[in-house]
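Heads up, the thing below is written out as structure tokens.
Protein chains in written order, with this note's numbering: chain E, 1 to 104; chain R, 1001 to 1367.
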């Protein structure tokens, strides 16, 4: 599946980043952990349910402004899909996220 | 060899061997530790700190039944406080809602709930007690609280034809992961092997079913499947390689490279009461013994797969050939593969298929 640009990626249950003070930075998942480097950490830090896929793409395109913007987008979508298939990410639809904000 | 580049990634903390279940394939050793010999809360807390400092990322709190430790909440807090990801591997038996809430509140990240099957009577027969109904209650509590959970089903001859029911149970539970782990034959499982090892036909059907299920549930539920390695062409990379990724601390503090390592004669284990975790990792005789490739016989020594499977499982080599340094006999290239083939021939023979249950050998609950 390709992530919807307007959906909000959020770490799935049982997945979390280790603390900022810990090195190396990793994404903990049940039964495994993923070591994170620069771009992957930038992506995952934004998978907090308050950034849309589109937000993440544009922010990383700014950070990595020397890279081809289309390549950055492709890499991000590929990475998000991989994490989703690993059950590390949920995509909350735009409508559902609006609703939960209204409820608050 | 040196441990340069090798970091223990997970610490398997066998907090106790006490357990209200008597599973016929329990991975605990046949000589079970008694309560009096168990490590204190303080020593475990130090072990978690040393583990995090040595690079360990995850603590698997297991047993026996870890809930049998009255200080489990303190241990969860200590492990999480050290910066570890905390996974509780449990039968769910001595659990109530209040204790679950406290465990989650103190930082429990994930819980692995074991099931003996999807059908109550058959499941209870395998664990030798009435456990199934309580497991279903626990599953409900976990769902209500949105606690991350993996359902673990141990698969064998008696339940492998019911994986469909097990998957249905898991799908309705909201679990994010399901493990279908075929029994591996050490200790108690080895003693019950003739009643547990599935036939090839059963295994093929199960593999086919789970492949389709994995496809259908991709992105929804992660399905892990462990085959019985007797049927594999190549051995498993047992523990990710001896002394490469994992450390197991037994209830009395002995540091082991794997669950079954005590079966290997002459192997000397260091104890966390006497040495730091890092020292043990780097220089313990038991961890050094089969680390790297120097110990390997042919055909492993010159095999292209030696960095994938590390020669397979040392305990299995010992149990089936009498020599812990032999090539794992499940490997199709192993000189002693015929031993495994003979076992499979007996299980797949016409007589075996119609045979009645041979009677179970249950593991006892140490005091």
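By construction, the Cβ of each residue, glycine as well, lies at the ideal position given by its N, Cα and C atoms.
Values in this document were obtained by computation on a predicted structure and should not be read as measured data.
Open item on the list: Cβ closer than 7 Å: which chain R residues qualify as neighbours of residue 18 of chain E?
Closed with: For this step, residue 18 of chain E is matched to residue 18 along the first chain. By Cβ distance, chain R contributes 1083.
Open item on the list: Strictly by DSSP, which residues pair up with residue 8 of chain E?
Closed with: Position 8 of the first chain, counted from the first residue, corresponds to residue 8 of chain E. According to DSSP, residue 8 of chain E bridges with E/92.
Task: Below-8 Å beta-carbon distance, residue 26 of chain E vs any chain R residue - done: Counting from one through the first chain, the residue named residue 26 of chain E turns up at place 26. At least one chain R Cβ lies under 8 Å of residue 26 of chain E.
- [ ] Residues of the region 1102-1122 of chain R with a CB closer than 7 Å to any CB of chain E: list them in chain order, please.
- [x] Going along the region 1102-1122 of chain R in chain order, one finds 1109, 1110 with a Cβ nearer than 7 Å to chain E.
Task: Coarse secondary structure for residue 1180 of chain R, derived from DSSP in three states - done: Taking the second chain and counting its residues from 1, one reaches residue 1180 of chain R at position 180. Reduced to three states, the DSSP call for residue 1180 of chain R is strand.
Open item on the list: Tell me whether residue 1299 of chain R, by its Cβ, gets closer than 7 Å to a heavy atom of the ligand SAM.
Closed with: Ligands in the displayed structure: none, and consequently the ligand SAM is not present.
Task: Proximal chain E residues relative to residue 1212 of chain R, where beta-carbon distance stays under 8 Å - done: Taking the second chain and counting its residues from 1, one reaches residue 1212 of chain R at position 212. Going along chain E, no residue has its Cβ under 8 Å from residue 1212 of chain R, so there is no contact; the nearest lies around 16 Å.
Task: Cut-off 7 Å between Cβ atoms - residues of its own chain near residue 1190 of chain R, not counting five sequence neighbours on either side - done: Counting from 1 along the second chain, the entry for residue 1190 of chain R is found at position 190. Cβ neighbours of residue 1190 of chain R beyond the five flanking positions: 1319.
- [ ] Enumerate in chain order the residues of its own chain whose CB-to-CB distance from residue 1171 of chain R is below 8 Å, with the five nearest sequence positions on each side excluded.
- [x] One-based indexing of the second chain puts residue 1171 of chain R at position 171. Same-chain partners within the cutoff: 1217, 1221.
TODO: Check whether the region 1029-1043 of chain R touches the region 1241-1252 of chain R, counting contact only when three or more Cβ pairs, one atom from each stretch, lie closer than 8 Å.
DONE: Cβ pair count under 8 Å is three or more, so yes.
- [ ] Name the residue from R/1272, R/1229, R/1273, R/1286 whose alpha carbon lies nearest to the alpha carbon of residue 1244 of chain R.
- [x] Within the second chain, residue 1244 of chain R is the residue found at index 244, counting from 1. Answer by Cα proximity: R/1286.
Task: Euclidean distance between Cα positions of residue 1178 of chain R and residue 1 of chain E - done: Working through the second chain from its first residue, we reach residue 1178 of chain R at position 178. Working through the first chain from its first residue, we reach residue 1 of chain E at position 1. Computed Cα separation, rounded: 21 Å.
Open item on the list: For residue 1092 of chain R and residue 1301 of chain R, what's the separation of their Cα atoms in angstroms?
Closed with: Against the second chain, residue 1092 of chain R aligns to sequence position 92. Against the second chain, residue 1301 of chain R aligns to sequence position 301. Spanning the two alpha carbons is a distance of roughly 44 Å.
- [ ] Quick one: which unbroken alpha helix (DSSP H) runs of 4-plus residues sit fully inside the region 1291-1318 of chain R? Chain order, please.
- [x] You should have 1306-1309.
Open item on the list: Please list, in chain order, the residues of the region 38-51 of chain E that have any C-beta partner in chain R closer than 8 Å.
Closed with: Identification of residues in the region 38-51 of chain E having a C-beta nearer than 8 Å to some C-beta of chain R yields an empty set.
Open item on the list: I need the straight-line Cα distance from residue 1095 of chain R to residue 1326 of chain R, nearest angstrom please.
Closed with: The residue labelled residue 1095 of chain R in the question sits at position 95 within the second chain. The residue labelled residue 1326 of chain R in the question sits at position 326 within the second chain. Roughly 43 Å separates the two Cα atoms.
- [ ] State the Cα-Cα distance for the pair residue 1267 of chain R and residue 1073 of chain R, rounded to the nearest angstrom.
- [x] Against the second chain, residue 1267 of chain R aligns to sequence position 267. Against the second chain, residue 1073 of chain R aligns to sequence position 73. Approximately 34 Å between the Cα atoms of the pair.
Open item on the list: Given a cut-off of 8 Å on the beta-carbon distance, is the pair residue 91 of chain E and residue 30 of chain E in contact?
Closed with: Locating residue 91 of chain E in the first chain gives position 91, counting from the first residue. Locating residue 30 of chain E in the first chain gives position 30, counting from the first residue. The beta carbons of residue 91 of chain E and residue 30 of chain E sit no closer together than 8 Å.
- [ ] Closer than 6 Å by C-beta to residue 1116 of chain R: which residues in its own chain qualify, once you throw out the five before and the five after it? Chain order, please.
- [x] By one-based count along the second chain, residue 1116 of chain R stands at place 116. Closer than 6 Å at the Cβ level, and outside the excluded window around residue 1116 of chain R, lie 1123, 1126, 1127.
Open item on the list: Can you pull out the residues from the region 1200-1234 of chain R whose beta carbon lies closer than 9 Å to at least one beta carbon of chain E?
Closed with: Answer in chain order: 1218, 1219, 1220, 1221, 1222, 1224.
Task: Pairwise C-alpha distance: residue 1299 of chain R and residue 1168 of chain R - done: Against the second chain, residue 1168 of chain R aligns to sequence position 168. Against the second chain, residue 1299 of chain R aligns to sequence position 299. Looking at the two C-alpha atoms, the distance is approximately 43 Å.
Open item on the list: Taking a contact to mean a Cβ-Cβ separation below 8 Å, would you say residue 12 of chain E touches residue 1176 of chain R in this structure?
Closed with: Position 12 of the first chain, counted from the start, is the residue given in the question as residue 12 of chain E. Position 176 of the second chain, counted from the start, is the residue given in the question as residue 1176 of chain R. Contact flag set, yes.
TODO: Indicate whether at least one CB of chain R lies closer than 8 Å to the CB of residue 167 of chain E.
DONE: With chain E running from 1 to 104 in the structure shown, residue 167 of chain E is simply not present.
Open item on the list: Taking a contact to mean a Cβ-Cβ separation below 8 Å, would you say residue 9 of chain E touches residue 89 of chain E in this structure?
Closed with: For this step, residue 9 of chain E is matched to residue 9 along the first chain. For this step, residue 89 of chain E is matched to residue 89 along the first chain. Yes. Within cutoff.
TODO: Starting from residue 1204 of chain R, follow the alpha helix (DSSP H) in both directions and report where the run begins and ends.
DONE: Translated into positions along the second chain, residue 1204 of chain R becomes position 204. Run containing residue 1204 of chain R: 1200-1216, per the alpha helix (DSSP H) assignment.
Open item on the list: Between residue 82 of chain E and chain R, is the shortest Cβ-Cβ distance under 8 Å, so that the two count as touching?
Closed with: Working through the first chain from its first residue, we reach residue 82 of chain E at position 82. No, residue 82 of chain E does not count as interfacial toward chain R.
Task: As assigned by DSSP and simplified to three states, the class of residue 1071 of chain R - done: Within the second chain, residue 1071 of chain R is the residue found at index 71, counting from 1. Three-state result, residue 1071 of chain R: coil.
- [ ] Along the alpha helix (DSSP H) that carries residue 1110 of chain R, what are the first and last residues, could you check?
- [x] Taking the first residue of the second chain as 1, we reach residue 1110 of chain R at position 110. No alpha helix (DSSP H) holds residue 1110 of chain R; the beta strand (DSSP E) holding it covers 1110-1115.
Task: Residue from R/1099, R/1316, R/1345 whose Cα sits closest to the Cα of residue 1334 of chain R - done: Residue mapping note: residue 1334 of chain R aligns to position 334 of the second chain, counting from 1. If we check each option's Cα against that of residue 1334 of chain R, R/1316 comes out closest.
Open item on the list: Tell me the rounded alpha-carbon separation between residue 990 of chain R and residue 1363 of chain R.
Closed with: Outside the shown range of chain R, which is 1001 to 1367, sits residue 990 of chain R, and nothing can be said about it.
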